[in-house]
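Working notes, structure below.
Number of protein chains: 2
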Amino acid sequence: MDTYLKHLPECEAPGVCRACEARHGGLCSVLTANQLTELNRHSIRRRIDAGNEVIGQGETVGSYSNILKGVIKLSKMMADGRQQIVGLQFAPDFLGRPFLGESTITAEAATDTEICTFPRNVVDRMVSEVPDMERKLHNQSLKELDEAREWMLTLGRKTAQEKVANFLYLIATHIDPDRGNAQTFDLPLSRADIADFLGLTIETVSRQMTKLRKDGVIVIENNRHVIVPKLERLRDAAGID
Amino acid sequence: MDTYLKHLPECEAPGVCRACEARHGGLCSVLTANQLTELNRHSIRRRIDAGNEVIGQGETVGSYSNILKGVIKLSKMMADGRQQIVGLQFAPDFLGRPFLGESTITAEAATDTEICTFPRNVVDRMVSEVPDMERKLHNQSLKELDEAREWMLTLGRKTAQEKVANFLYLIATHIDPDRGNAQTFDLPLSRADIADFLGLTIETVSRQMTKLRKDGVIVIENNRHVIVPKLERLRDAAGID
DNA sequence: CGAGAAATTGAGTCCAATCAACCTCCGTGG
DNA sequence: CCACGGAGGTTGATTGGACTCAATTTCTCG
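Listed in order, the protein sequences are those of chains P and Z.
Heads up: the first sequence is residues 1 to 241, going by the UniProt record's numbering.
Heads up: the second sequence is residues 1 to 241, going by the UniProt record's numbering.
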């Protein structure tokens, strides 16, 4: 962020940002209107269809993105094809790390997605001038760390039944964080993805879903569309304290 | 960190710090001698015997610590007693998050341990004045996140054999990061802890250790003492790409 | 409406859990 | 000094939950 900007009178946020879903939750929420204007000058909005990788092919390798809409899955794959999803990101999270060299993580759109991408060097420059920005990034890392560890407990110590219930509970509480009890939503992941998230096979996921349905914990409509009559019961089935 | 310190001529690091194992790797590595003096004024060195919790009981609830010696295990427990170890920390890592309200993580000394503890408020004050410190903390968080995700792949998709080999490989490469090939070390964890780390039972861990021994991948001496003739073979057994 | 993908269901197998016995290492006290 | 006792670890026999393989069924979408 150019230093002289600090001395300009505060102006309006760019129009495109004012209407932005992530203006208040995402990375941008720590920025002043002036800073936003500067950042916006370098940002690119992109649509990504379900199933496509988010990693810019060859182009600006290093970049940060705000997720405006949709769900991104982060996964790791072994040489023999075994795969594990290690995180899900919902709007208005931002995608920061995966692109940076080192990490062997793949980021892929689970649903149709919209993101707002900034070149890494611009963000890095702003980070060094706006301490709140580093703080914001740090907090997201800590949140992801907590989620990862929570999931380790699920992967290591829960039964297939509990795993599936846990997944449904996770989605129910993230997709549309509204009213407390009755929930209805579309699953952002296919059975294959769910299996890769839970460390199970497709068949086992399917069987456990059926069991939860027969037990009256959930109602299944279109394979993708799920209704949770009582969130409390799902929570219990998930073995969450 | 008191502002006036910035104007004093640079002085020597406190004696106790100069001899400190974590002076160059831990949180303190980003501090100048003056800052170190300030921090040191509030620090407490503690020994913690294996099996004891690190969380100060009631006392200074919020605190950061440098690990000077030993291994700390971070774990989560379910209401019915099922347990999962979600991270191991070695010197000179620092223990930062676990204590902070929210998180339901327990930190416990796996081996006899020495730590250097600072009250949270002092550290927080320094963080706001020394940007490098936030950066350092952020980087550790990112490191832990990478490790957690790596372990999720192990928990979700690897066989018991691969899990145990993975654990041994992890220890071999962290306990004493020296020469590349032949390794010899003491396991910092009991079989029960290893099981809780790998999402297995004690018996399965034991059987897989025996199998690795019979296959000549490792040599076992005192239950705790292990020799790895060829790190490469262990790596292969662990299914690491 | 039809074809292919995604999901469900079923039968049989196998890997890791469970239950149980035994061994080994230590420290302690008779 | 050795017997005892207990914790930690190993080994064996059996069980069971999730995987594999295979056949349908249900969705999706051109």
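Think of the CB as a built atom: it goes at the ideal place given N, C-alpha and C, for glycine as much as any other residue.
Neighbour list for residue i in chain Z, Cβ cutoff strictly below 9 Å
i	result
P/Val86	Ala148, Arg149, Glu150, Met152, Leu153, Gly156
Within 7 Å, strictly: CB atoms of residue i and residue j
i	j	result
Z/Asn166	Z/Thr154	yes
P/Ala237	P/Val217	yes
Z/Ala109	Z/Asn52	yes
Z/Arg149	P/Ala148	yes
P/Gly156	Z/Gly199	yes
P/Ile95	Z/Ser141	Sequence check: residue 95 of chain P is Leu here, not Ile. No.
Z/Val228	Z/Gln183	yes
Residues that residue i contacts on chain Z, provided the C-beta gap is smaller than 7 Å
i	result
P/Arg82	Arg157
P/Leu142	Arg97, Ser141
P/Lys76	Arg149, Leu153
P/Leu145	Ser141, Glu144, Leu145, Ala148
Residue i - partner residues in DSSP beta bridges
i	result
P/Tyr169	DSSP lists no partner for P/Tyr169.
residue 261 of chain Z	The shown model of chain Z, from 1 to 241, leaves out residue 261 of chain Z, and the question about it has no answer.
P/Pro229	None, per the DSSP bridge assignment.
P/Ala107	P/Leu74
Z/Lys69	Z/Glu114
residue 247 of chain P	This structure gives no information on residue 247 of chain P, because the portion of chain P shown stretches from 1 to 241.
P/Pro131	P/Pro131 pairs with nothing; no bridge assigned.
Z/Gln83	Z/Met77
Z/Thr184	Z/Ile227
Z/Ser63	Z/Pro119
P/Arg149	According to DSSP, P/Arg149 bridges with nothing at all.
Z/Phe94	Z/Asn66
Z/Glu53	Z/Glu108
Z/Ile48	Z/Thr113
P/Glu219	Before going on, a small fix: residue 219 of chain P reads as Val here, not Glu. Note: P/Val219 sits in a beta bridge opposite P/Ile227.
Alpha-carbon spacing of residue i relative to residue j, whole angstroms
i	j	result
Z/Val30	Z/Met126	11 Å
residue 246 of chain Z	Z/Leu68	What the structure shows of chain Z is the stretch from 1 to 241, and residue 246 of chain Z is not part of that stretch, so it cannot be assessed.
Z/Glu232	P/Leu170	39 Å
P/Gly70	P/Ala50	9 Å
P/Val123	P/Asp132	12 Å
Z/Ala91	Z/Glu134	19 Å
Z/Leu137	P/Asn222	45 Å
Z/Lys230	Z/Leu187	17 Å
P/Ile55	P/Arg18	27 Å
Z/Asp93	Z/Gln35	19 Å
P/Thr104	P/Lys73	14 Å
P/Gly58	P/Asp241	Confidence at P/Gly58 is low in this model, with a pLDDT of 43, below 50, so its placement is unreliable and no value can be given for it.
Z/Arg235	Z/Gln161	12 Å
Z/Arg97	Z/Tyr64	8 Å
P/Arg224	P/Ala107	22 Å
P/Glu144	Z/Met152	13 Å
P/Asp112	P/Arg46	11 Å
P/Val16	P/Val226	34 Å
P/Met77	Z/Ala13	46 Å
Z/Lys158	Z/Val164	10 Å
P/Phe185	P/Gly25	22 Å
P/Leu39	P/Glu129	13 Å
P/Ala86	P/Asp146	Note on identity: in this sequence residue 86 of chain P is Val, with Ala being the wrong assignment. Using only the alpha carbons, I get a separation of about 12 Å.
Z/Lys211	P/Ser75	31 Å
Z/His42	P/Met209	54 Å
Z/Gln83	Z/Ile175	24 Å
Z/Arg207	Z/Ala172	20 Å
P/Thr32	Z/Gly62	32 Å
P/Thr204	Z/Thr204	23 Å
Z/Gln89	Z/Leu189	12 Å
Closer than 7 Å at the beta carbon, the chain P residues around residue i
i	result
Z/Ala79	Asp241
Listed by chain order, chain P residues near residue i by CB distance under 8 Å
i	result
Z/His174	Residues of chain P passing the Cβ test: none, with the nearest at roughly 18 Å.
Z/Pro131	Ser128, Pro131, Glu134
Z/Leu137	His138
Z/Gly25	Ordered by position in chain P, no residue passes the 8 Å Cβ test against Z/Gly25, which lies about 19 Å from the chain.
Neighbouring residues, chain Z, relative to residue i (Cβ below 8 Å)
i	result
P/Ile105	Arg149
P/Gly199	Leu155, Gly156, Arg157
Cβ pair count under 8 Å reaching 3, the stretch 182-196 of chain P against the stretch 117-134 of chain P:
No, they do not touch.
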